[in-house]
Structures are given as structure tokens and as C-alpha cells.
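This report refers to the structure that appears directly beneath it.
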Amino acid sequence: YKLSLEQIFSSFELTALYVGAVYQPLYAFYGLDTNPSPDDAIPTHQEIDKSAVQYVQKLLALSE
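Last residue of the sequence shown? That's 262 in my numbering, and every number before it is there in order.
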């Protein structure tokens, strides 16, 4: 794609700012693909587990 995910979702950030909401940046895990290309790096189970823990920590921090 020609645009980053941050660019694609920028309209959500602008809407949040417009309505006075607290915008939280996008959380994305790159590399997990159900149909990877031969040259794609495939994440390890440890990397996926670490990302899942980081995501939960981010969600919990939002509720504080």
C-alpha cells in the first residue's frame, strides 16, 4: 500500500480531536499473515505472545 496505517486512520484522529475526545494512537502488529509471501518474516510464538501482552497492558493503562 502507498499509505501507512497512521495515514489511513488519520480521519479518526481528526474526528476525535474535533469532538474533544482523547485520541489513542493505533496499535498494530505487523507481520502476522495467514498467507505470507516466501520472503515475509514470520513472527515467532514469543513475539506474538509479547505483542498480545503489550496490547493488554495498553488497554489496561487506558482505564486508569
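All C-beta atoms, glycine included, are put in the ideal place defined by N, C-alpha and C.
Candidates the options, of which the one nearest residue i by Cα
{"i": "Ser-261", "options": "Ile-240, Leu-224, Pro-234 and Val-220", "result": "Val-220"}
{"i": "Tyr-225", "options": "Phe-207, Gln-244 and Lys-200", "result": "Phe-207"}
{"i": "Phe-227", "options": "Asp-247, Lys-200, Ala-259 and Gln-205", "result": "Asp-247"}
{"i": "Ser-202", "options": "Pro-223, Pro-236, Thr-242 and Val-251", "result": "Pro-223"}
Cutoff 7 Å; reference residue i; Cβ partners in own chain excluding five residues on either side
{"i": "Pro-234", "result": "Ile-240"}
{"i": "Lys-256", "result": "Tyr-225"}
Proximal residues to residue i (C-beta, below 6 Å), its chain only, five neighbours per side dropped
{"i": "Ser-249", "result": "Phe-227"}
Alpha-carbon spacing of residue i relative to residue j, whole angstroms
{"i": "Tyr-253", "j": "Glu-245", "result": "12 Å"}
{"i": "Phe-210", "j": "Leu-258", "result": "21 Å"}
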